[in-house]
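Going by full-length UniProt numbering, the first residue of the sequence shown is number 1, and it counts up by one from there.
The beta carbon of each residue, even a glycine, is placed where N, CA and C say it ideally should be.
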Amino acid sequence: MDVIKSKQISSRPIEKVVVHPLVLLSIVDHYNRVARDTRKRVVGVLLGTSFKGTVDVTNSYAVPFEEDDKDPSIWFLDHNYHEAMFSMFRRINAKEHVVGWYSTGPKLRENDLNIHGLFNDYVPTPVLVIIDVTPKELGIPTKAYYAVEEVKENATQKSQKVFVHVPSEIAAHEVEEIGVEHLLRDVKDTTVSTLATEVTGKLAALKGLDARLKEIRSYLDLVIEGKLPLNHEILYHLQDVFNLLPNLNVSVLVKAFAVKTNDMMLVIYLSSLIRSVIALHNLINNKMLNKEHEKAEDSKPVAVPTAAGDFRLELLAMLEKERSSDAVIKS
1 MDVIKSKQIS
11 SRPIEKVVVH
21 PLVLLSIVDH
31 YNRVARDTRK
41 RVVGVLLGTS
51 FKGTVDVTNS
61 YAVPFEEDDK
71 DPSIWFLDHN
81 YHEAMFSMFR
91 RINAKEHVVG
101 WYSTGPKLRE
111 NDLNIHGLFN
121 DYVPTPVLVI
131 IDVTPKELGI
141 PTKAYYAVEE
151 VKENATQKSQ
161 KVFVHVPSEI
171 AAHEVEEIGV
181 EHLLRDVKDT
191 TVSTLATEVT
201 GKLAALKGLD
211 ARLKEIRSYL
221 DLVIEGKLPL
231 NHEILYHLQD
241 VFNLLPNLNV
251 SVLVKAFAVK
261 TNDMMLVIYL
271 SSLIRSVIAL
281 HNLINNKMLN
291 KEHEKAEDSK
301 PVAVPTAAGD
311 FRLELLAMLE
321 KERSSDAVIK
331 S
């Protein structure tokens, strides 16, 4: 499906889409209840407000949705359920209105333009927000689009609607921030140390950076091969990124990096040495305890088996009885 970059359009009705945490939590809950461990996606309605090109998505609700995997033109969205839910939400908060719909994608599909057309009855320019409920890398899990009519250069060809990508971000009010902090505090494992958490976060950030660099390299390779057109704006942004990089040939910076690296390596060496000494100390203690336990077992007296002792006592009693009977006969 064709997607136009938002910067390729001079006048845009939507400049930015802001998604609140409550919406993300609601969509993830919807996915876990309906389509978890499947290849299906879930669809719902987005509620919020729009002002000066910024769409503020503050609420959402799920809508029953089915589609045929083999035939994209066959799909069903329960419009009556949507009408009933929207009327109830409007009673609670009249300021919120339909601003678009969401999908768990994880990418655009062929029938998305047809579904998108249903929401033109509620808002002139509805937005589609695709939520990645299983993100594989660190970053914003949302992608926002709106539809425009693409006019063909050839007058004989019919115009068609295409999606335009629009920037999206995650934002929250003060009350929502407090709720999210409490939620993260409950979810966070308190047994994990702060150092391990920081290392995990930095590792995830480095993986995300590596993925972005690979994407940039792939784009540049496609441009060199002539498979993609040259976009000067992207090249300008890349040049700005390279200009922000420090000059690693400066002797002062090289020395500072070397000192910092040596300090970190010394800390790692000392921590490894301490762990080894503690492990050796524990091993010696265990060996000494085992020897003491073996000595205690060896010093215990050996008990005579009860069955053999009883048999000997019975044999002695029988001999004494025979002797006494012989003495009586002789007398």
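Quick one: Cα of residue i to Cα of residue j, how far?
i: residue 146; j: residue 166; result: 7 angstroms
i: residue 42; j: residue 119; result: 17 angstroms
i: residue 27; j: residue 58; result: 12 angstroms
i: residue 144; j: residue 168; result: 6 angstroms
i: residue 137; j: residue 202; result: 12 angstroms
i: residue 96; j: residue 174; result: 19 angstroms
i: residue 141; j: residue 208; result: 13 angstroms
i: residue 298; j: residue 277; result: 32 angstroms
i: residue 232; j: residue 267; result: 46 angstroms
i: residue 15; j: residue 127; result: 11 angstroms
i: residue 221; j: residue 246; result: 25 angstroms
i: residue 339; j: residue 216; result: Because the chain here runs from 1 to 331, residue 339 falls outside it and cannot be looked at.
i: residue 82; j: residue 223; result: 45 angstroms
i: residue 115; j: residue 123; result: 14 angstroms
i: residue 260; j: residue 131; result: 40 angstroms
i: residue 102; j: residue 171; result: 17 angstroms
i: residue 38; j: residue 183; result: 27 angstroms
i: residue 93; j: residue 60; result: 12 angstroms
i: residue 263; j: residue 289; result: 39 angstroms
i: residue 91; j: residue 121; result: 20 angstroms
i: residue 161; j: residue 117; result: 10 angstroms
i: residue 286; j: residue 280; result: 10 angstroms
i: residue 17; j: residue 86; result: 21 angstroms
i: residue 241; j: residue 248; result: 15 angstroms
i: residue 46; j: residue 200; result: 33 angstroms
i: residue 72; j: residue 206; result: 38 angstroms
i: residue 139; j: residue 211; result: 11 angstroms
i: residue 107; j: residue 54; result: 23 angstroms
i: residue 23; j: residue 69; result: 27 angstroms
i: residue 204; j: residue 89; result: 38 angstroms
i: residue 213; j: residue 109; result: 27 angstroms
i: residue 328; j: residue 316; result: Summary for residue 328: the model assigns pLDDT 48, below 50, so the residue's position carries little reliability, and this model does not support an answer.
i: residue 176; j: residue 80; result: 31 angstroms
i: residue 228; j: residue 36; result: 36 angstroms
i: residue 29; j: residue 84; result: 21 angstroms
Should residue i be labelled buried (16 or more other beta-carbon atoms within 10 Å of its own) or exposed?
i: residue 62; result: buried
i: residue 31; result: buried
i: residue 342; result: Because the chain spans 1 through 331 in this model, residue 342 falls outside it and cannot be assessed.
i: residue 331; result: Any reading at residue 331 needs caution, since the residue's pLDDT is 48, under 50, leaving its predicted position unreliable; the model's value is listed next. Its Cβ having fewer than 16 others within 10 Å, residue 331 is exposed.
i: residue 257; result: exposed
i: residue 293; result: exposed
i: residue 163; result: buried
i: residue 251; result: exposed
i: residue 226; result: exposed
i: residue 272; result: exposed
i: residue 50; result: buried
i: residue 244; result: exposed
Beta-carbon within less than 6 angstroms of residue i's beta-carbon, same chain only, minus the 5 sequence neighbours each way: which residues are those?
i: residue 178; result: none
i: residue 13; result: 125
i: residue 66; result: 76
i: residue 275; result: none
i: residue 319; result: none
i: residue 180; result: 21
Excluding the 5 residues preceding and the 5 following residue i in the sequence, name in chain order all residues of the same chain whose CB lies nearer than 7 angstroms to its CB.
i: residue 159; result: 149, 150, 151 and 152
i: residue 78; result: 63 and 64
i: residue 34; result: 42
i: residue 333; result: Absent from the model: residue 333. The displayed extent of the chain is 1 to 331, so no value can be given.
i: residue 19; result: 57, 129, 142, 168 and 170
i: residue 48; result: 55, 56, 57, 58, 59, 96 and 99
Residue i bridges to which residues according to DSSP?
i: residue 93; result: DSSP lists no partner for residue 93.
i: residue 51; result: 54
i: residue 60; result: 46
i: residue 16; result: 54
i: residue 239; result: DSSP, once it has assigned bridges, lists no residue as partnering residue 239.
i: residue 128; result: 101 and 145
i: residue 150; result: 160
i: residue 170; result: 19
Answer with yes or no whether the minimum CB distance from residue i to chain B is below 9 angstroms.
i: residue 138; result: In the structure shown, chain B does not exist; there is a single protein chain.
Less than 8 angstroms between C-beta atoms, sequence neighbours within five positions excluded: which residues of the same chain meet that for residue i?
i: residue 135; result: 141
i: residue 112; result: 1, 103, 128 and 163
i: residue 234; result: 219
i: residue 254; result: 248
Measuring only from the beta carbon, is residue i closer than 8 angstroms to any heavy atom that is part of the ligand GTP?
i: residue 41; result: Only the bare structure without any ligand can be found here, which leaves the ligand GTP out of the picture.
Scan the segment 62-109 and note each continuous beta strand (DSSP E) run of 3 residues or more that stays entirely inside, going in chain order. 65-67, 75-77 and 97-103
Along the chain, which unbroken stretches of the alpha helix (DSSP H) at least 4 residues long are found entirely within the segment 188-229? 194-224
Just to confirm the assignment: which complete beta strand (DSSP E) runs, minimum length 3, are found wholly within the segment 234-291? none
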